[in-house]
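In my numbering, the protein residues as written are 158 to 655.
Note that beta-carbon positions come from the ideal geometry of N, C-alpha and C, so glycine has one too.
Only one structure is covered here, and it is reproduced in the block below.
Right under this line is the structure:
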């Protein structure tokens, strides 16, 4: 199979290997002679197009011919343009086959936290409230890591530094505080040492307003300006926190308390039909079990937002999705930017020409689930099932928002490859087998095997992925970022720097 057509009405097919001008591919029983060299994961014209004519993939319009295109030509940036531009008006037409959260007697082995949340790891984190604290914080983390090694009930100590916390004001400062509070209270952290300089805008006395009630035996504050020796004082606080953490043990917990984030980065033309499709099936499966599955990347919903809107559980949630899309358009307009200029050069090299094409592949991660809730960046989830979070396509800022909302595992798909880890376990799927083989130290699961698989193989791969994810949840598998020790967070900034 050299080319594949995803839906009967599609007018562009996907090259499944590097193809040469003069080669012949067979689509729907018809032989098509190629008029160009066409890279793997890029698009082949299945018909002649007039200039301005829509091009279809995923049974949706992914762009328009910017000049006449002949059958068998390579479709890409040189002859296809986006159709995105001005804000749209939307009408709600609920998709009555959307999957709602179910109930299950199944459990996972996790850490039952006093606030009702459930972790799948028992880390201790050192989190800075301002960039000034990053140096001492990192040194303290190394000292603590040597003193408290990983064991079967403790998953280690790591630093989470940040660039902000000072010279911020208004909504920008509020966003930073909300994200920091959400990170500090994430259920994967059995304990947290908040490291403050002592004079920043996100000073702990301000931050505590966003934290609300918390266990003071597990969350403590080190103010660097208020102690003679920050390392002696910091280690004393870490010792106190570890007294509480060392007693934690995994127990059976109902599936409706499991919260997973889904994200993608460095995508290619295979992402939407292998990795994201497999993840979408997993999303359907876990939502039926009652789990919470969250998705962000608002710019990568644009062009496919109508599909999500018609899966809104009710009219109010539909309006929340509309508001989220329009708010992101306004945000981009304010800075004179156009979301349609996405995807990135890496996405384009991987075969994704327009934002519509990227988005239609991106939303496959949500499977067929009804949207149960829409959160602003920095808000915490309150519903089970499939939820949307406002956030950027930028991986670090987006995933940090998802973890701050309560997610304890990030499942991340990629076609180009990335080693990044976030503030917890990151289970990474490659959209193609070549990447999985080349970067085995980055990739946890080869989703490229889905390409060309028959129905029995598809079922087996879906089961295999579900088993692998649950092994990660239960602590029987450590993700590549955990093995490599790659952890980080980043906060979306939108405001004046004073």
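- The criterion of a C-beta distance shorter than 8 Å is satisfied by residue 377 and residue 397.
- For the 8 Å CB-CB criterion, residue 321 and residue 533 do not form a contact.
- Its Cα nearest to that of residue 604, the residue 618 stands out among 183, 618, 613.
- In the three-state reduction of the DSSP assignment, residue 285 falls in the strand class, which pools E and B.
- Taking the Cα positions, residue 388 is about 6 Å away from residue 297.
- A residue is called buried once 16 or more other Cβ atoms fall within 10 Å of its Cβ, and residue 642, having fewer, is exposed.
- Taking 3 residues as the minimum length, the beta strand (DSSP E) runs contained wholly in the stretch 262-325 are 264-269, 280-285, 314-317, in order along the chain.
- Ranked by Cα distance from residue 448, the first of 417, 220, 597 is 417.
- As far as DSSP is concerned, residue 423 takes part in no beta bridge.
- One Cα belongs to residue 572, the other to residue 509, and the distance between them is close to 11 Å.
- Here the stretch 276-284 makes contact with the stretch 308-315; the two share three or more CB pairs at distances below 8 Å.
- Every unbroken stretch of the alpha helix (DSSP H) spanning 4 or more residues and falling wholly within the stretch 454-511 is given here in chain order: 462-466, 472-491, 502-506.
- Uninterrupted beta strand (DSSP E) stretches at least 3 residues long and entirely within the stretch 196-238 occur at 200-202, 211-214, 217-222, given in chain order.
- Membership of residue 529 in the beta strand (DSSP E) is indicated by the continuous run 528-532.
- Across the structure, residue 301 and residue 399 are spaced so that their CA atoms are roughly 10 Å apart.
- Between the stretch 541-553 and the stretch 510-530 there are three or more inter-stretch CB-CB distances shorter than 8 Å, so the stretches are counted as touching.
- With a cutoff of 8 Å on beta-carbon distance, residue 582 and residue 631 are scored as not near each other.
- In this structure, residue 201 places its C-beta atom within 8 Å of the C-beta atom of residue 170.
- Within 10 angstroms of the beta-carbon of residue 253 lie fewer than 16 other beta-carbons, which makes it exposed.
- For residue 346, the uninterrupted beta strand (DSSP E) run begins and ends at 346-353, by DSSP.
- As the crow flies, the alpha-carbon of residue 601 is around 35 Å from that of residue 181.
- The C-alpha of residue 553 is placed about 10 Å away from the C-alpha of residue 644.
- Within the DSSP bridge table, the entry for residue 577 names no partner.
- The straight-line gap separating the alpha-carbon atoms of residue 372 and residue 267 is approximately 19 Å.
- Pairwise C-beta distances place the stretch 322-333 out of contact with the stretch 254-263, as fewer than three of them are shorter than 8 Å.
- In this structure, residue 475 lies away from residue 215, with their beta-carbon atoms at least 8 Å apart.
- Here residue 365 carries a helix assignment [DSSP, helix/strand/coil].
- According to the DSSP assignment, residue 342 belongs to no beta strand (DSSP E), since it is labelled neither H nor E.
- Membership of residue 591 in the alpha helix (DSSP H) is indicated by the continuous run 590-595.
- About 15 Å separates the beta carbon of residue 557 from that of residue 538, a gap too long to meet the 8 Å contact definition.
- As the crow flies, the alpha-carbon of residue 362 is around 16 Å from that of residue 336.
- Going by beta carbons, residue 367 and residue 411 fall outside the 8 Å limit.
- For residue 615, the enclosing alpha helix (DSSP H) covers residues 612-630.
- The C-beta distance from residue 344 to residue 275 rounds to 6 Å, short enough to meet the 8 Å contact threshold.
- Taking one beta carbon from each stretch, the stretch 416-434 and the stretch 582-592 have 3 or more pairs nearer than 8 Å; the two touch.
- With respect to the 8 Å criterion, residue 513 and residue 240 are classified as neighbours on the basis of their beta carbons.
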